[in-house]
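Numbered according to this note's numbering, the sequence shown spans residues 13 to 324. Where is the CB? At the ideal position from N, CA and C, for every residue including glycine.
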Amino acid sequence: LPPLHDFLRFDYNMHAGFSWMGTGSYLPREKAQRLLEQRGNTTLAKDRFKVIDMYFSIWTNQYPYQLVNYLTPLDQKNGWSAEGVNDHWSIVFRNMLDAADRLYSALLTNFEVTGRDPFVRQEEQPYVSDRHTRSPCFNDKCLFMTSIDPFPDPKEVVFKGDLRTIEDQSMKFLEFDYPTAEFWKTFAYVHAVDNDPLTCWNSYKVPQAGDSFGLRFVKPTVLNRLTVMSSKALTSLEGQMTVLASDQHGVHWTTCQHTARYPFVHTMALEIACPPTELLPHGMIHQIKVQLDTDLEKSLEICGMDAGGMVL
């Protein structure tokens with residue numbers, strides 16, 4: 013999620029990012045097949061084949077779509093991280109930089125003569141700025157969404173193929189307004205929907221008019237009530253928001269009528285009525301979001317939600 017390990021060079025169609033495949037990933041078969049083609053079109057030494065997964069995400073030349081979730085360690089004795097290597101991250105960083113350098117060099121090459129370009133040059137959609145799905149709910153029945161990203165835009169740092177270490181790339185991002193590792197660990201997206209009232213997501217940045225937060229449901233549902241819990245006062249949101257609903261595509265949104273109550277200063281209970289439309293038959297929705305009509309004065313914090321009796 014943090015863009016510390018993103019590599020961007022628009023004039024060469026480079027828009028890559030590193031994802032640690034060892035934590036679990038979904039990928040289409042065509043990308044795995046393309047990796048084999050890429051390996052055959054490079055001078056990658058055989059000893060690097062063992063860590064080819066470290067090259068995979070960067071060589072897709074796409075920003076990985078990563079959801080924030082708790083990681084569960086595997087009970088295994090013979091994993092790569094248990095083979096007596098003292099500094100595993102140095103190996104990851106070395107291969108990460110090698111993958112980025114090789115991609116950069118390949119993108120400088122004109123493959124029009126052969127017609128066989130092993131690297132994709134078109135950036136996939138949704139673009140980074142449009143990726144509002146952030147974290148799975150603890151019960152896997154929904155996803156937490158928000159338009160608010162605490163990290164700087166990857167476009168702010170241009171990759172020039174002259175890095176000596178990955179730390180040099182990271183330092184370029186850290187020059188911008190960047191949340192600390194401790195802040196992100198404490199207030200990551202997942203804490204809004206982890207069913208733990210003692211943990212909270214914090215927006216870090218002050219939300220602006222048009223920013224939003226909400227839920228995307230795995231199955232369509234009729235939602236009449238949405239309760240939001242925070243450790244901060246939510247009463248400042250009264251009269252300053254619009255509730256919107258959509259189908260699974262999230263392209264067109266329908267405005268829902270809502271009434272807000274504040275049984276406690278830190279709790280906002282929304283009574284919602286979404287009109288049935290062609291996109292929302294019988295009022296069944298796939299996505300619900302609360303969109304701010306005005307700028308806030310402080311960061312937003314959410315510690316949990318109750319979506320029609322489903323406590324998150």
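On the three-state DSSP scale, how would you describe residue i?
i	result
F68	helix
G29	strand
T279	strand
E135	coil
Y274	strand
P209	coil
L20	strand
S242	coil
F150	coil
T247	helix
L324	coil
V234	coil
N214	strand
F229	strand
T145	strand
D318	strand
M157	strand
V80	coil
Q50	helix
E313	strand
M296	coil
V169	coil
Output needed for residue i: all residues of its chain with C-beta closer than 8 Å, excluding positions within five of it in sequence on either side, in chain order.
i	result
H264	S258 and L291
D152	V230
L210	C315
T289	T266
S117	G173
N119	Inspection of the sequence shows that residue 119 is occupied by Leu rather than by Asn. Hits under 8 Å: R21, Y24, N25, M26, N73, F131 and R133.
E309	V218 and S248
Starting from the C-beta of residue i, find all residues in its chain whose C-beta is less than 7 Å away, skip the five residues before and the five after it, and write them out in chain order.
i	result
D206	F150
M33	D65, F68 and S69
L115	M26, A28, I70, W71, N73 and F131
E49	P130
M296	P232, T233 and V234
P148	L79, N81 and L155
S31	S37, S69, P76 and Q78
Can you tell which of the options has its C-alpha closest to the C-alpha of residue i?
i	options	result
G29	R51, Y77 and D129	Y77
T145	Q260, A118, V277 and C268	Q260
T121	P162, C286, Y38 and D23	D23
A204	E179, V255, T192 and L324	L324
V302	C268, Y274, P293 and A245	C268
L256	L249, E250 and H270	H270
M322	T233, C286 and K244	T233
Q134	L304, G262, S311 and R21	R21
L312	P164, S215, R51 and D208	S215
T177	M108, R143, D208 and N236	M108
R143	G262, D318, F61 and L16	G262
L16	D318, E250, D208 and D189	D189
W101	E179, L175, R51 and T55	E179
D113	P148, T55 and S147	T55
For residue i, collect the residues of the same chain with a Cβ closer than 6 Å to its Cβ; drop the 5 residues on either side in sequence, then sort them by chain order.
i	result
Q220	D307
A57	none
P191	P162 and Y216
Measuring only the C-alpha atoms, how far is residue i from residue j?
i	j	result
A111	F131	12 Å
T247	N81	29 Å
K167	P275	43 Å
D129	N53	9 Å
F195	R106	27 Å
M253	K244	17 Å
P287	Q299	14 Å
D18	C212	27 Å
G320	A285	12 Å
L39	V277	44 Å
L83	D59	29 Å
L79	I103	24 Å
P293	I160	30 Å
R273	P164	35 Å
D305	V218	14 Å
L249	M317	16 Å
N236	S37	34 Å
F61	Y75	22 Å
D208	L175	42 Å
G251	R51	57 Å
Count the C-beta pairs between the segment 218-231 and the segment 153-162 that are closer than 8 Å, then say yes if the count reaches three, no if not.
Three or more beta-carbon pairs drawn from the segment 218-231 and the segment 153-162 are found closer than 8 Å, and the two stretches are therefore classed as touching.
Counting pairs of Cβ atoms below 8 Å between the segment 165-184 and the segment 234-248, do you hit three or more?
Judged by Cβ distances under 8 Å, the segment 165-184 makes no contact with the segment 234-248, as fewer than three pairs qualify.
Quick check: the segment 64-83 against the segment 171-179, are there 3 or more CB pairs under 8 Å?
Inter-segment contact for the segment 64-83 and the segment 171-179 is absent: fewer than three beta-carbon pairs are separated by less than 8 Å.
Per the contact definition of three or more C-beta pairs closer than 8 Å, is the segment 268-282 in contact with the segment 199-211?
Taking a cut-off of 8 Å on C-beta distances, the segment 199-211 does not touch the segment 268-282, as fewer than three cross pairs fall below it.
Does the segment 138-145 come within contact of the segment 35-44, defined as at least 3 CB pairs closer than 8 Å?
Fewer than three pairs of CB atoms, one per stretch, sit closer than 8 Å, so the segment 138-145 makes no contact with the segment 35-44.
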